[in-house]
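Reviewing the structure listed below.
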Amino acid sequence: MSKRYILIALATMLALSSCFKDHSTEADVAITELVPKGELQEIYRRAQGLPLTIPCPEIEMKGVEKPLTYSWEVNYKEVSKEKDLVYPCNEFGIFPVRLKVTNGETTLFFTSQIDIQYRYRKGIYFLWGDASEAKVGYIDPLQPKEDIDLNSLALNNPKETFKGEPHDLAFYANEKYGYKGFLLAAGKNLYSFSPDEMRFLKPLKLSTDVVGLMGDPNDKLGPFFYNGRFGIMDAVLLSVNNQDYRKVLTPLTKKEFGQEPYLAPRLLYWRKVGEASTDGYLVYDNQNEVLLAKHKKAEVWFKDETKGYELLEMLSLDQSQQMVLYLRSKSDGSIKELKLKPGLYKAGKKYNHDKELTYSGMVPTNAKLAKGSILVAASLRNLIYYTDPEGKDIYGYSIVSEGNYQGSPLLKTPAGQKVVDMKVDKESRYLYIALTDGAKSTIQRIDLENHQVDMEWTDLQVKIVKIALREDNPTNL
311 MSKRYILIAL
321 ATMLALSSCF
331 KDHSTEADVA
341 ITELVPKGEL
351 QEIYRRAQGL
361 PLTIPCPEIE
371 MKGVEKPLTY
381 SWEVNYKEVS
391 KEKDLVYPCN
401 EFGIFPVRLK
411 VTNGETTLFF
421 TSQIDIQYRY
431 RKGIYFLWGD
441 ASEAKVGYID
451 PLQPKEDIDL
461 NSLALNNPKE
471 TFKGEPHDLA
481 FYANEKYGYK
491 GFLLAAGKNL
501 YSFSPDEMRF
511 LKPLKLSTDV
521 VGLMGDPNDK
531 LGPFFYNGRF
541 GIMDAVLLSV
551 NNQDYRKVLT
561 PLTKKEFGQE
571 PYLAPRLLYW
581 RKVGEASTDG
591 YLVYDNQNEV
601 LLAKHKKAEV
611 WFKDETKGYE
621 LLEMLSLDQS
631 QQMVLYLRSK
641 SDGSIKELKL
651 KPGLYKAGKK
661 YNHDKELTYS
671 GMVPTNAKLA
681 KGSILVAASL
691 RNLIYYTDPE
701 GKDIYGYSIV
711 SEGNYQGSPL
721 LKTPAGQKVV
731 DMKVDKESRY
741 LYIALTDGAK
751 STIQRIDLEN
761 HQVDMEWTDL
771 QVKIVKIALR
781 EDNPTNL
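For the sequence shown, this note's numbering begins at 311 and goes up steadily by one.
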């Protein structure tokens, strides 16, 4: 090898040797290792509107301690840099979750999913508020350990207030065709909502207070009462229809009695057994003391039985094939019971069978049924439950007994509280009772097999006015 090439080789070796550092005389540089000791769950479930807390899995750090940083992503957007995620669950659906943990040298990733379940499903809704504003709370009996939502309308209506003294609330639905609605009456305002999200849709302002709502689980129409008349809110069109009242019932009663009717805030539908379509309805005219029926034509029914009486309550039993009316004498306050079959009507004037009054009798005074009593029907059991006028005790009555009222109460209310509303589910399994002492409230669920308290929600820090049961399935389930 020539001297020239030897010199080039030596120069190259010296250059290369200068690129390496000798660590034999100094300490090694430590590298931290992160070792996961756990994982996120495959999926976390929570009801819409309730916070969900997901803790960071335990992580072991090997080597020099270095601070950890965290990044939580939900639906591909960073939502938190805290160690544990607290997520508000405002929107329902299933969303991907990713957690990134790093100390600058080592990075770990964890993945999961959040299933935010629809908040407003079957359950108990209760109305409360003050003279200026109405609010609606929600209880899910299937999840009794969940926090009670005192203002369920706020979640999807954060900028809305529902003005007026709270009067009533009601659900109505026609599950066969997917029609449904939710109505809230407050002062002179009728508020309409989409019940699947409890989103406010439309207000209706009236000249007088709305005094009652009639929910119906088998129809798309929501009747409401004001100033002695009723209107119909259509769940599909979100429109109000008074035409059947103005064109049929008013001329009928004016023709017979010379004055317009003043209706009690009650309406009963009846329908063919096993069908969702209505066959007719009943309303009661307190002004003229008559029972008005509307089917293919309008009629006054059993007017000899109703003369001198105002309506206390009317109830539907036996799958709407029997109706029970409680009438109060305007002269002495005594109570009369009427039981009738409304009849089933086909097209035109052809009948399946005509109406029939099956029982008429006076209610004994020891039954404790009077003005101020609250009455509900367990339709499939042919039972009626009612309170005494003070709302202290609850009594039971079988319509099959035809006047055999029990003098002793079936249920006693907690001391210091009175019943303000009662509802029975459409399967006649449970009686729901709302009680209040004026400041706090209690809701009880009574099993109608043994008449024992099955579930109870106590110490609700609101004064409940009314309750409603939602029994249809939301469309997104």
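Glycine included, each C-beta is placed from N, C-alpha and C at the ideal position.
Under 7 Å Cβ to Cβ from Gly768, same chain only, skipping five residues before and after it: list those, please. Reading off the sequence, residue 768 comes out as Thr, not Gly. Correct list, in chain order: Thr752.
Please go through the same chain and pick out, in chain order, the residues whose beta-carbon is closer than 7 Å to the beta-carbon of Glu349, but skip the five residues on each side of it. Pro367, Phe420
For Lys331 and Leu360, I'd like the C-alpha separation in whole angstroms. At Lys331 the pLDDT is 37, less than 50, meaning the model places this residue with poor confidence; the figure from the coordinates comes in the next sentence. So the alpha carbons of these two residues sit roughly 59 Å apart.
For Ile756, three-class secondary structure by DSSP: strand
Would a C-beta distance cut-off of 8 Å place Val673 and Tyr715 closer than the cut-off? yes
Closest Cα partner of Lys606 within the set Met633, Leu654, Leu577: Leu654
Using DSSP's beta-bridge definition, name the partner residues of Gly671. Glu647
Grouping DSSP H, G and I as helix and E and B as strand, with all else coil, what is Leu690? helix
What does the alpha-carbon distance come out to for the pair Gln553 and Gly522? Interpretation of Gln553 is limited by its pLDDT of 47, a score under 50 that renders its predicted location unreliable; the figure taken from the coordinates is listed afterwards. Near 19 Å, if we compare the C-alpha coordinates of Gly522 and Gln553.
Check: Glu759 C-beta below 7 Å from any heavy atom of the ligand SAM: No copy of the ligand SAM occurs in the structure displayed, which carries no ligand at all.
Would you decide whether Gly447 is buried or exposed? Buried here means 16 or more other CB atoms lie within 10 Å of its CB. buried
Ignoring anything shorter than 3 residues or poking outside the stretch 371-434, list the beta strand (DSSP E) runs there in chain order. 379-384, 387-390, 395-397, 403-412, 417-427
In whole angstroms, what is the alpha-carbon distance linking Val772 and Ala744? 12 Å
List in chain order: all unbroken alpha helix (DSSP H) runs of 4+ residues lying wholly within the stretch 497-526. none
Can Tyr482 and Lys473 be called in contact, C-beta distance under 8 Å? no
Thr471 - DSSP class collapsed to helix/strand/coil: coil
In terms of residue numbering, what span does the alpha helix (DSSP H) encompassing Lys613 cover? 613-616
Rounded distance between the beta-carbons of Arg780 and Lys432, thought under 8 Å: 5 Å
Here's a check: name, in chain order, each residue in its chain whose Cβ is nearer than 6 Å to the Cβ of Gly671, leaving out the five neighbours to either side. Glu647, Gly713
What residue range does the beta strand (DSSP E) around Ile791 cover? Since the first residue shown for the chain is 311 and the last is 787, residue 791 is missing from the structure and cannot be characterised.
Can you have a look at Glu343 and say buried or exposed, based on whether 16 or more other CB atoms are within 10 angstroms of its CB? exposed
Using 10 angstroms around the beta-carbon of Asn598, count the other beta-carbons present and answer buried if the total reaches 16, otherwise exposed. buried
Using 10 angstroms around the beta-carbon of Ser502, count the other beta-carbons present and answer buried if the total reaches 16, otherwise exposed. buried
Around the Cβ of Gly414, are there at least 16 other Cβ atoms within 10 angstroms (buried) or fewer (exposed)? exposed
Per DSSP, cross-strand counterpart(s) of Asp628: DSSP lists no partner for Asp628.
Mapping DSSP to helix, strand and coil, what is Ala677? helix
Going by CA-CA distance only, name the one from Pro699, Asp731, Asn385 that's closest to Pro719. Pro699
Suppose the cutoff is 8 Å on Cβ atoms and the five residues either side in sequence are ignored; what does the same chain contact list for Met765 look like? Pro451, Pro454, Gln754, Arg755
Consult DSSP for Val775 and reduce its assignment to one of helix, strand or coil. coil
In whole angstroms, give me the CA-to-CA distance for Leu865 and Leu465. Here the chain covers residues 311 to 787 and nothing more, so residue 865 does not appear.
Using C-beta distances below 7 Å, list every residue in its chain close to Lys393, excluding the 5 sequence neighbours before and after it, in chain order. Cys366, Tyr380
Between the Cα of Leu627 and those of Leu601, Lys736, Arg408, Arg539, spot the shortest distance and give me the residue it belongs to. Lys736
What's the gap between the Cα of Glu666 and the Cα of Ala725? 43 Å
Is Thr668 buried or exposed, if buried means 16 or more other CB atoms sit within 10 Å of its CB? exposed
Quick one, are the C-beta atoms of Gly788 and Val734 less than 8 Å apart? There is no way to answer for residue 788, as the model of the chain reaches only from 311 to 787.
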